[in-house]
Amino acid sequence: MVSDNTTNPQTVTVEVLGGGSGSVSSAPTGISCPGTCSRQFGEGTLLQLTASPSAGNVFGGWGGDCAGTEGLVCEVSVTTALGVSATFEPSAVSASFDSAVDNPGLGWTTDGDADWLAQSEETFSGAEALQSGDINNGETSWAETVLTGPGNFSFSWKN
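Numbering-wise, the sequence shown is residues 3 to 161 according to the working numbering.
Printed below as a string of structure tokens:
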């Protein structure tokens, strides 16, 4: 339950970081950053901060007094002044599927609960790579092709 106690006010400051764009709002209301990024909340207030990436961007994570929190929501109890950062990055879609697999002659099949995309922002080798969209427990995402004959094949998995 979110509450806003009015005794012994403490300052909560949010900073938006990264090369992307997004916003952070609070419950109880008062923070809507960028814009209003600092507000006083009463000591003992249970504060809920919610990160919202803009279209074409992803949420990179929380820092400061929300460091270690996973997901778009950080809940924190206001006991002293707090400093929180939220990082947003551009989505990593910037390569073609054919260039990501380094062989446009191969026929690829993809399926599952998430779309596959080609990206060049976060890769094992620094070159283009395929990337599955996010999946949850019990969901699947796969890509396959058939290779025949002599040659080399390499594969890396990043979880």
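Even for Gly, the Cβ is constructed at its ideal location relative to N, Cα and C.
Rounded separation between residue i and residue j - CA only
| i | j | result |
| --- | --- | --- |
| residue 145 | residue 40 | 45 Å |
| residue 69 | residue 52 | 14 Å |
| residue 13 | residue 43 | 6 Å |
| residue 55 | residue 28 | 15 Å |
| residue 114 | residue 82 | 46 Å |
| residue 33 | residue 15 | 9 Å |
| residue 132 | residue 72 | 24 Å |
| residue 167 | residue 22 | Because residue 167 is not part of the residues shown, which for the chain are 3 to 161, the question remains open. |
| residue 30 | residue 112 | 43 Å |
| residue 134 | residue 37 | 34 Å |
| residue 50 | residue 20 | 21 Å |
| residue 78 | residue 84 | 9 Å |
Segment limits, beta strand (DSSP E) that includes residue i
| i | result |
| --- | --- |
| residue 110 | Counting along the chain, residue 110 falls outside any beta strand (DSSP E), and DSSP gives it neither H nor E. |
| residue 59 | 59 to 66 |
| residue 75 | 75 to 79 |
| residue 53 | 48 to 55 |
| residue 13 | 11 to 19 |
| residue 24 | 24 to 29 |
| residue 86 | 84 to 92 |
Counted within 10 angstroms of its Cβ, other Cβ atoms place residue i as buried (16 or more) or exposed
| i | result |
| --- | --- |
| residue 47 | buried |
| residue 148 | exposed |
| residue 87 | buried |
| residue 136 | exposed |
Nearest-angstrom beta carbon gap, residue j and residue i [assumed within contact, 8 Å]
| i | j | result |
| --- | --- | --- |
| residue 60 | residue 17 | Not confirmed; about 18 Å, so no contact. |
| residue 25 | residue 58 | At roughly 14 Å, the Cβ-Cβ gap does not stay under 8 Å, so residue 25 and residue 58 are not in contact. |
| residue 143 | residue 116 | 4 Å |
Backbone secondary structure at residue i - three-state DSSP
| i | result |
| --- | --- |
| residue 44 | strand |
| residue 146 | strand |
| residue 120 | strand |
| residue 39 | coil |
| residue 114 | strand |
| residue 131 | strand |
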